[in-house]
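What follows is a set of notes on a single structure, which appears directly below.
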């Protein structure tokens with residue numbers, strides 16, 4: 012079939028691998044190579060956590076839109092979960108590339124540690140804006156260490172859409188070769 016012929020041509024290229032095998036030379040010469048299996052295990056550990064935060068952000072956004080109170084606190088929670096989605100997505104890339112994972116929450120720094128190129132400037136700017144909303148202390152009786160930008164429905168929606176894009180993009184990046 013057309014698909015099989017296309018597969019044979021790609022598989023004949025030196026070093027081509029798919030589903031846990033590396034093919035060198037002829038199509039039928041296989042050497043077991045577990046990089047894909049390892050990448051899948053690393054990747055699968057992060058995805059459920061990211062999906063939960065994305066779901067929480069979406070649910071909070073929808074309930075806040077329909078709420079009569081419409082307080083800044085509702086939008087701050089949405090944005091906080093969006094920050095978690097982006098943070099964990101970047102950490103997933105770092106781990107998938109086998110780089111050292113630092114226990115930090117600074118999004119621009121995590122992007123730097125992921126050693127990625129070709130990031131759109133608009134994404135970097137949005138990352139910096141989202142980073143301003145991170146709250147290291149979330150206890151109501153402790154004083155805030157800094158002032159936070161105003162959280163609104165429009166801003167929350169922007170960050171929710173951005174975090175979805177980053178999550179999809181991060182999944183693609185997690186399977187690329189180490190740089």
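Numbering (our numbering), first residue to last: 12 to 190.
Ideal Cβ placement from N, Cα and C applies to all residues, glycine included.
Check                                                                                                                                     : Outcome
CB of residue 174 within 7 angstroms of CB of residue 58, strictly                                                                        : no
Residue 78 - containing alpha helix (DSSP H), residue span                                                                                : From DSSP, residue 78 is part of no alpha helix (DSSP H); its letter is neither H nor E.
Secondary structure of residue 103, DSSP reduced to three states                                                                          : helix
Where the alpha helix (DSSP H) containing residue 181 begins and where it ends                                                            : 164-184
Cβ of residue 122 within 7 angstroms of any chain D Cβ                                                                                    : The question asks about chain D, but that chain is absent: this structure has only one protein chain.
Boundaries (first-last residue) of the alpha helix (DSSP H) holding residue 119                                                           : 118-124
Spatial distance of residue 123 from residue 86 (CA atoms)                                                                                : 28 angstroms
Environment of residue 72 [buried if 16+ CB atoms lie within 10 Å]                                                                        : buried
Residue 69 versus residue 132 - alpha carbon distance                                                                                     : 25 angstroms
Among 67, 182, 90, 184, nearest to residue 164 - alpha-carbon criterion                                                                   : 90
Residue 81 versus residue 74 - alpha carbon distance                                                                                      : 9 angstroms
Beta-carbon contacts of residue 100 that lie in its chain and below 7 angstroms, excluding the five residues immediately before and after : 61, 177, 178, 181
Beta-carbon proximity list for residue 7, same chain, < 7 angstroms, skipping 5 on both sides                                             : The question about residue 7 has no answer here: the residues shown for the chain are numbered 12 through 190.
Pair within 7 angstroms by beta-carbon distance, residue 116 and residue 145                                                              : yes
Supposed contact pair residue 104 and residue 185 - C-beta distance, whole angstroms, cut 8 angstroms                                     : 6 angstroms
Buried or exposed by the 16-neighbour rule on C-beta atoms within 10 Å, applied to residue 79                                             : exposed
Assigned secondary structure, residue 130 (DSSP; H/G/I helix, E/B strand, else coil)                                                      : coil
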